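**Student:** Sharing a structure with you now.
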Amino acid sequence: MASNYERVEANIVWTDGPADSVAIRGTFSDNSKQWWQETIVLHPYDQDIYSATLWLKPGQYAFKFIINKSEWKTSSKYATADDGNGNTNNVIDVLTPSKAYLDMVLVNSKAKQTSETTLSSNNGANNQEYAPSESSKLLNKKPGGRISGSAAESQLQPNARPRRDEEAGNAQLPRSQLRKYLIWAMVVLLFVLLGIASALMDSV
Numbered sequence: 001m002a003s004n005y006e007r008v009e010a011n012i013v014w015t016d017g018p019a020d021s022v023a024i025r026g027t028f029s030d031n032s033k034q035w036w037q038e039t040i041v042l043h044p045y046d047q048d049i050y051s052a053t054l055w056l057k058p059g060q061y062a063f064k065f066i067i068n069k070s071e072w073k074t075s076s077k078y079a080t081a082d083d084g085n086g087n088t089n090n091v092i093d094v095l096t097p098s099k100a101y102l103d104m105v106l107v108n109s110k111a112k113q114t115s116e117t118t119l120s121s122n123n124g125a126n127n128q129e130y131a132p133s134e135s136s137k138l139l140n141k142k143p144g145g146r147i148s149g150s151a152a153e154s155q156l157q158p159n160a161r162p163r164r165d166e167e168a169g170n171a172q173l174p175r176s177q178l179r180k181y182l183i184w185a186m187v188v189l190l191f192v193l194l195g196i197a198s199a200l201m202d203s204v
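Counting from 1, position 109 in the sequence shown corresponds to residue 109 in UniProt numbering; the numbering is continuous, with no gaps.
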């Protein structure tokens with residue numbers, strides 16, 4: 001069978017009045033003298049207009065319209081010819097396409113294949129899954145295995161000391177010194193009070 005590159009697009013159109021259904025039968029096989037046994041259905045295009053697109057080798061083809069599945073008619077849109085047996089049929093001449101037309105068909109076909117390949121590749125890349133980093137696993141951990149902020153910081157930064165321990169160590173030294181100062185102050189105050197009491201007793 002010939003490929004579309006070796007064939008030419010031919011549009012068959014019925015515009016000769018209203019119809020419930022329109023089809024055609026003709027010499028569309030590779031042997032142009034033999035009528036196809038198959039019926040080609042035309043699709044509604046607009047009000048009372050039916051059309052079908054065929055890919056045919058260059059040459060002349062005879063065909064006839066079948067209206068409402070039973071009435072055989074010719075169309076005034078196409079030329080007519082007698083088949084030698086008293087039957088009048090429509091005829092259509094499919095011309096050999098120019099080299100420019102064939103090149104255009106080939107380019108469009110390759111462009112379509114390239115576009116489909118690119119789209120398939122992009123969909124594969126977009127569907128790729130990436131493993132979460134260790135930090136995202138740690139910070140997004142569920143409540144059942146929750147980790148405090150300081151612990152998270154220490155795990156994210158192994159060389160860093162926890163801040164709370166540093167603050168606690170710095171706070172312990174001033175408290176011990178303050179306690180010593182208070183004890184010495186109380187001792188000094190006690191001696192002062194004893195001195196005052198002794199002086200009062202001597203004066204009496």
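Glycine included, C-beta positions come from ideal geometry on N, C-alpha and C.
Small disclaimer: the values here were computed from a predicted structure and weren't measured.
If you drop the 5 nearest sequence neighbours on each side, which residues of the same chain put their C-beta closer than 8 Å to that of VAL94?
**Tutor:** As a first step, residue 94 must be located in the sequence shown, where it is residue number 94. Excluding residues within five positions, the ones whose Cβ falls inside 8 Å are VAL8, ALA10, LEU56, LYS57, PRO58, GLY59, GLN60 and TYR61.
**Student:** In three-state terms, what does DSSP make of TYR45?
**Tutor:** Along the sequence shown, one-based indexing puts residue 45 at 45. DSSP places TYR45 in strand when its eight states are reduced to three.
**Student:** Could you tell me the alpha carbon to alpha carbon distance between PHE63 and GLU6, rounded to whole angstroms?
**Tutor:** By 1-based counting over the sequence shown, the position of residue 63 is 63. By 1-based counting over the sequence shown, the position of residue 6 is 6. The straight-line gap from Cα to Cα measures roughly 21 Å.
**Student:** Just grab the DSSP bridge partners of ALA79 for me.
**Tutor:** Position 79 of the sequence shown, counting from 1, holds the residue named residue 79. Looking at the DSSP assignment, ALA79 forms a beta bridge with VAL91.
**Student:** Considering only the beta carbon of each residue, do ILE66 and THR39 sit closer than 8 Å?
**Tutor:** Here residue 66 refers to the residue found at position 66 when the sequence shown is read from its first residue. Here residue 39 refers to the residue found at position 39 when the sequence shown is read from its first residue. Cβ atoms of ILE66 and THR39: closer than 8 Å.
**Student:** Output needed for THR80: all residues of its chain with C-beta closer than 8 Å, excluding positions within five of it in sequence on either side, in chain order.
**Tutor:** In the sequence shown, counting from the first residue as 1, residue 80 sits at position 80. Counting only Cβ-Cβ distances below 8 Å, and skipping sequence neighbours, we find THR74, THR88, ASN89, ASN90 and VAL91.
**Student:** Would LEU42 be called buried (16 or more neighbouring beta carbons within 10 Å of its own) or exposed?
**Tutor:** Taking the first residue of the sequence shown as 1, we reach residue 42 at position 42. Looking at its Cβ environment, which holds 16 or more other Cβ atoms inside 10 Å, LEU42 is buried.
**Student:** From VAL22 to THR53, what does the alpha carbon distance come to, in whole angstroms?
**Tutor:** Taking the sequence shown and counting its residues from 1, the one referred to as residue 22 is at position 22. Taking the sequence shown and counting its residues from 1, the one referred to as residue 53 is at position 53. Straight-line Cα distance between these residues: approximately 14 Å.
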